[in-house]
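Numbering (the numbering used here), first residue to last: 226 to 502.
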């Protein structure tokens, strides 16, 4: 039986609640607007009304279902550094072309990347991220494949051997990955061992490995090696890497793309003889 408070929720409000449920309990307002095919202003009005009824909670730039177990992850990751992550996402998008086959992994920054990739068309996208599927499926002629496996609600993604075996069936123009930390000695690091295992399994299936990471990750630590430095072809970030990391990227032959507040992207290419040093 429908509760009295539910009768006050308009049709669009119910639709928004359904979208949040499908996205694992929380999402950025921009992503909700994309899925519902409405403006962000419409989403904000609906969210404001639903919040008054106790159906959702609002955070900066996003919304989560009241009582959702995923709320801490959203407010702790997706909400942080939205401007910086948007710039990084635009930098990644500039490296991708229409019709490419790409893999995009789970993560807050890669969620922003997926939103920017909506500008492209006819992509073949393989992902283990529910958020990436929601952003790109049935849009601009792109085909999106969700790798199967055990689903983690907190990370909004699937992991395990099934996800790995499915993803390895494809050959990719680019592997787009986030990072919990970036080490000059070890490469791209992750907190989740299953995420790291999936990334390691796919580096040999892609022509390019594009790492999207804000500059805070240069001083962070994480326990699992997801991608050795010599497999990285591109790093897209929002600040200068410290000298040891810059030297490691140079030795690996990786390009560094630094995004500025003005929207300009500065690309640093490795020295020709860097690999021989």
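Glycine included, C-beta positions come from ideal geometry on N, C-alpha and C.
- Query: Who are the near neighbours of residue 360 in its chain, counting only those whose CB is closer than 7 Å to its CB and skipping five residues on each side?
  - Reply: For this step, residue 360 is matched to residue 135 along the chain shown. Same-chain partners within the cutoff: 256, 259, 339, 340 and 343.
- Message: Buried or exposed, going by whether 16 or more other CB atoms sit within 10 Å of the CB of residue 235?
- Response: By one-based count along the chain shown, residue 235 stands at place 10. Exposed.
- Query: Is it a yes or a no for the stretch 382-389 touching the stretch 313-327, going by three-plus beta-carbon pairs under 8 Å?
  - Reply: no
- Alpha-carbon spacing of residue 467 relative to residue 497, whole angstroms: As a first step, residue 467 must be located in the chain shown, where it is residue number 242. As a first step, residue 497 must be located in the chain shown, where it is residue number 272. Whole-angstrom Cα-Cα distance: 21 Å.
- Message: Which same chain residues end up closer than 6 Å to residue 473 when comparing Cβ atoms and leaving out the 5 residues on each side of it in sequence?
- Response: As a first step, residue 473 is located in the chain shown; it is residue number 248 there, counting from the start. Around residue 473: 409 and 454.
- Query: What is the rounded straight-line gap between the Cα of residue 284 and the Cα of residue 273?
  - Reply: One-based indexing of the chain shown puts residue 284 at position 59. One-based indexing of the chain shown puts residue 273 at position 48. Spanning the two alpha carbons is a distance of roughly 11 Å.
- Message: To the nearest angstrom, how far is the alpha carbon of residue 436 from that of residue 402?
- Response: Sequence index remark: in the chain shown, residue 436 carries index 211 (1-based). Sequence index remark: in the chain shown, residue 402 carries index 177 (1-based). Roughly 5 Å between the two C-alpha positions.
- Task: Please say whether residue 465 and residue 440 have beta carbons closer to each other than 9 Å?
- Result: Translated into the one-based positions of the chain shown, residue 440 becomes position 215. Translated into the one-based positions of the chain shown, residue 465 becomes position 240. A contact, by the Cβ cut-off of 9 Å.
- Item | Candidates 407, 397 and 250: closest to residue 327 by CA position | Taking the chain shown and counting its residues from 1, one reaches residue 327 at position 102. Ranking the options by Cα distance to residue 327, first place goes to 397.
- Of the choices 417, 366 and 424, whose alpha-carbon is the least far from that of residue 399? Start at 1 with the first residue of the chain shown, and residue 399 comes out as number 174. Of the listed residues, the one whose Cα sits closest to residue 399 is 424.
- Item | 3-residue-minimum beta strand (DSSP E) runs that sit fully inside the stretch 409-433, ordered along the chain | 412-415
- How big is the Cα-Cα spacing for residue 276 and residue 364? Here residue 276 corresponds to residue number 51 of the chain shown, with the count starting at 1. Here residue 364 corresponds to residue number 139 of the chain shown, with the count starting at 1. In a straight line, the C-alpha of residue 276 is about 30 Å away from that of residue 364.
- Query: Less than 9 Å separating the beta-carbons of residue 413 and residue 426?
  - Reply: Counting from one through the chain shown, the residue named residue 413 turns up at place 188. Counting from one through the chain shown, the residue named residue 426 turns up at place 201. Not a contact, by the Cβ cut-off of 9 Å.
- Item | Cβ-based neighbour list, residue 469, same chain, cut-off 6 Å, excluding 5 preceding and 5 following | Reading the chain shown from its first residue, position 244 is the one you call residue 469. Cβ within range, chain order: 409.
- Look at residue 333 and residue 348 and say whether their C-beta atoms are less than 9 Å apart. Taking the chain shown and counting its residues from 1, one reaches residue 333 at position 108. Taking the chain shown and counting its residues from 1, one reaches residue 348 at position 123. Not in contact: residue 333 and residue 348 (Cβ atoms no closer than 9 Å).
- Item | Whole-angstrom C-beta distance between residue 481 and residue 489, which should lie under 8 Å | To locate residue 489, count along the chain shown from 1; it is residue 264. To locate residue 481, count along the chain shown from 1; it is residue 256. Not really, about 14 Å apart at Cβ, beyond 8 Å.
- Task: Measure the C-alpha to C-alpha separation of residue 448 and residue 247 and round it to an integer number of angstroms.
- Result: As a working mapping, residue 448 is identified with position 223 in the chain shown. As a working mapping, residue 247 is identified with position 22 in the chain shown. Roughly 31 Å separates the two Cα atoms.
- Could you check the C-alpha separation between residue 503 and residue 245 for me, to the nearest Å? Nothing about residue 503 can be read from this structure; the chain reaches only from 226 to 502.
- Message: Pop quiz: residue 421 and residue 457 are said to be a contact at Cβ under 8 Å. What is the actual Cβ separation, rounded to whole angstroms?
- Response: Mapped onto the chain shown, residue 421 falls at position 196. Mapped onto the chain shown, residue 457 falls at position 232. Going by Cβ atoms, the distance from residue 421 to residue 457 rounds to 14 Å, so no, they are not a contact pair.
- Starting from the C-beta of residue 314, find all residues in its chain whose C-beta is less than 6 Å away, skip the five residues before and the five after it, and write them out in chain order. Locating residue 314 in the chain shown gives position 89, where the first residue counts as 1. So the qualifying residues of the chain are 337, 338 and 341.
- Message: Can you tell me whether residue 233 is buried or exposed? The criterion is at least 16 other CB atoms within 10 Å of its CB, across all chains shown.
- Response: Counting from one through the chain shown, the residue named residue 233 turns up at place 8. Burial call: exposed.
- Message: Can you look up residue 372 in the DSSP assignment and give me helix, strand or coil?
- Response: Taking the chain shown and counting its residues from 1, the one referred to as residue 372 is at position 147. The answer is coil: DSSP assigns residue 372 none of H, G, I, E or B.
- Item | Coarse secondary structure for residue 253, derived from DSSP in three states | Sequence index remark: in the chain shown, residue 253 carries index 28 (1-based). DSSP places residue 253 in strand when its eight states are reduced to three.
- What number of angstroms, rounded off, separates the C-alpha of residue 432 from the C-alpha of residue 309? For the purposes of this step, residue 432 is identified with residue 207 of the chain shown, where counting begins at 1. For the purposes of this step, residue 309 is identified with residue 84 of the chain shown, where counting begins at 1. Those two C-alpha atoms are separated by around 26 Å.
- Compute every distance between the C-beta of residue 471 and the non-hydrogen atoms of the ligand ZN, then say whether any falls below 8 Å. Ligands displayed in this structure: none; no statement on the ligand ZN is therefore possible.
- Item | Same chain only: Cβ atoms within 6 Å of residue 241, ignoring 5 sequence neighbours per side | As a position in the chain shown, residue 241 is number 16, starting the count at 1. So the list reads 271, once near-sequence residues are dropped.
- Query: CA-CA distance, residue 394 and residue 353?
  - Reply: Mapped onto the chain shown, residue 394 falls at position 169. Mapped onto the chain shown, residue 353 falls at position 128. Going from the Cα of residue 394 to the Cα of residue 353 covers about 14 Å.
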